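What follows is a single structure, written as structure tokens, with notes after it.
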Amino acid sequence: MRRSKVILFTILILFIGGFAFTVSGCGESQDKGKIGKARDVYYCPMHPTYTSDRPGDCPICNMKFVKKEAEREKPIKNDGHKGHEIAAQGAPAEEKTFEEVCIEHSCTMNNCPMLVRATIKPGERVLCPVCGEVISTTSGKVVEIGKKPAAGPTGPTVMISPEKQQLIGVTTGPVGRRELEKTIRASGRIAYDPELVVTQEEFIQAINNEEKIKDSPLQYVIDRAKSLTSAARQKLRLLGMSEEQILSLEKTRKSETTLYLPGKGESVWAYISIYEYEIGLISIGQPVEIEAVAYPRDVFKGTVMAINPVLDPMTRTNQARVEVKNEENKLKPEMFVKARIKISLGEKLAVPETAILDTGIRKIVYVSRENGMLESRDIKTGLKVDGYYEVLEGLDEGDIVVTSGNFLIDSESRLKSAAAGEAGHKQHGQ
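According to our numbering, the sequence shown is numbered sequentially starting from 200.
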């Protein structure tokens, strides 16, 4: 009887243990299945902050949702500040394949660039301890302390596989130096300016009178003559004559009669209007090509002789006076003309116009790095010439920039930034 109770008790224990093992195994396999299968996320290319867990159409713009690719590589967490060292996960720091590097990083949440130190393999990535932005040694920011760093990212970095870049039509091109030549085009007219001729005559008479009475015993007479000469000189300046032209007029004592009636074979003046944003490129002595509607096959050569010191507040233009050769007396007063001024800007660092996303406040480009990494940079540009922008700040010679597909990359970047912010917010709430 006692023996049968022992056997029954043993069987009961084995049964309970087997049942518990079966339940725990099923639970573990279910948990593994849940962990192994990531939830699919779909987003709108036009509104990347709108996401869904199933395919469909965007309720805002009716575009088809696009499936978000899973992250291929998890960045190494850097929880230190400037000067703090970290080691790559998954391998000991003492291996020879590891090296200590200083990465210059333009932190978006810090006022000045900071150095992030890490003991990592070349090409691995870390996170900025302040803003959480991905930093890679392959992005060209590994520098020695004391040296000027290369231009770095000023916005979010996005990872898009080369295959996906090809599908969405992303093309790239190098940033380099090139000769830039800008052509300023302006409209104008052949001068008919009797007022300027009269002012020139008044100036000549004032000079002559001043010389005649310079030996007068009456000082007030001499002072009055000088004041008349000074007033006439100032009026010539206001009418657009340069100091060189006024000195030449004072020396020759001969007014420009061609301003109202050009003689045969004499030069004429053309008044051309230069827009405000191009005034800085105009200087006295520059050659000008003049074309008239009446003579479409002829090109008249001229030279900038003076620039009006006062801007027209209505048209936001400035008037330049051009002396034009009129050997055959074809150009008549008040005739409309078109002017071309070619200006060589020299060799400048330039980027294609298509590479720039202009928000109205910022100009953004995406720089291509290894393994599909694209980093956003704010740049400062100068003049725009023949489809190229002069680069003043933000890019270095040799950088590879995205020249097409920028909008889709920007959409992807905003999506990942929004997703990262949402994930961080949920984690903070937990």
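Cβ atoms here follow ideal geometry from the backbone N, Cα and C, with glycine treated the same way. On a predicted model such as this, the values are computed, not experimentally measured, just so you know.
Taking the Cβ atom as the reference point for each residue, do residue i and residue j lie within a distance shorter than 7 Å?
{"i": "A554", "j": "E589", "result": "no"}
{"i": "G372", "j": "T602", "result": "yes"}
{"i": "V265", "j": "P247", "result": "no"}
{"i": "I403", "j": "R452", "result": "yes"}
{"i": "E409", "j": "T428", "result": "yes"}
{"i": "L438", "j": "L395", "result": "yes"}
{"i": "S454", "j": "E522", "result": "no"}
{"i": "I599", "j": "S567", "result": "yes"}
{"i": "I359", "j": "G604", "result": "no"}
{"i": "L379", "j": "V584", "result": "yes"}
{"i": "E552", "j": "G501", "result": "no"}
{"i": "A405", "j": "A431", "result": "yes"}
{"i": "V487", "j": "A424", "result": "no"}
{"i": "I421", "j": "Q485", "result": "no"}
With a 10 Å radius around its C-beta and 16 neighbouring C-beta atoms as the bar for buried, classify residue i as buried or exposed.
{"i": "N528", "result": "exposed"}
{"i": "D609", "result": "buried"}
{"i": "E443", "result": "exposed"}
{"i": "N525", "result": "buried"}
{"i": "F499", "result": "buried"}
{"i": "V357", "result": "buried"}
{"i": "N261", "result": "exposed"}
{"i": "M504", "result": "buried"}
{"i": "T516", "result": "buried"}
{"i": "T573", "result": "Position check: residue 573 holds Leu in this sequence, whereas Thr was assumed. Buried is the call here."}
{"i": "E293", "result": "Because E293 carries a pLDDT of 42, less than 50, the predicted location of this residue cannot be relied on, and the following value inherits that uncertainty. Looking at its Cβ environment, which holds fewer than 16 other Cβ atoms inside 10 Å, E293 is exposed."}
{"i": "Q364", "result": "buried"}
{"i": "L607", "result": "buried"}
{"i": "D239", "result": "exposed"}
{"i": "D414", "result": "exposed"}
{"i": "D497", "result": "exposed"}
Give me the DSSP bridge partner(s) of residue i.
{"i": "P486", "result": "T502"}
{"i": "P373", "result": "I599"}
{"i": "L544", "result": "L544 is not bridged to any residue."}
{"i": "D585", "result": "Looking at the DSSP assignment, D585 forms no beta bridge with any residue, so it has no partner."}
{"i": "G387", "result": "I471 and V536"}
{"i": "V358", "result": "Just to set this straight, residue 358 is Met in the shown sequence, not Val. BP columns for M358 point to M572."}
{"i": "K266", "result": "Y241"}
{"i": "K450", "result": "DSSP lists no partner for K450."}
{"i": "P551", "result": "Y587"}
{"i": "E592", "result": "K579"}
{"i": "K381", "result": "I542"}
{"i": "T250", "result": "Y242"}
{"i": "A430", "result": "Answer is none; A430 lacks a bridge partner."}
{"i": "R520", "result": "Y470 and A505"}
Pop quiz: residue i and residue j are said to be a contact at Cβ under 8 Å. What is the actual Cβ separation, rounded to whole angstroms?
{"i": "A469", "j": "R388", "result": "7 Å"}
{"i": "T398", "j": "K434", "result": "5 Å"}
{"i": "S472", "j": "A385", "result": "6 Å"}
{"i": "I481", "j": "A519", "result": "6 Å"}
{"i": "L510", "j": "E475", "result": "7 Å"}
{"i": "I542", "j": "I506", "result": "Actually they are not in contact, since the Cβ atoms of I542 and I506 sit about 14 Å apart, beyond 8 Å."}
{"i": "P254", "j": "Y242", "result": "Not a contact, Cβ separation roughly 11 Å."}
{"i": "L556", "j": "I578", "result": "In fact, because the Cβ distance is near 10 Å, the residues do not count as touching under 8 Å."}
{"i": "P258", "j": "G571", "result": "Between G571 and P258 the Cβ distance is about 31 Å, and since that is not below 8 Å, they are no contact."}
{"i": "G597", "j": "V369", "result": "Contact doesn't hold; Cβ gap of about 19 Å is too wide."}
{"i": "K263", "j": "D256", "result": "6 Å"}
{"i": "R436", "j": "P508", "result": "7 Å"}
{"i": "L591", "j": "L544", "result": "Actually they are not in contact, since the Cβ atoms of L591 and L544 sit about 13 Å apart, beyond 8 Å."}
Flag residue i as yes if its beta-carbon sits less than 7 Å from any beta-carbon of chain C, otherwise no.
{"i": "V396", "result": "In the structure shown, chain C does not exist; there is a single protein chain."}
Given 8 Å, three or more beta-carbon pairs between the region 529-547 and the region 493-507: yes
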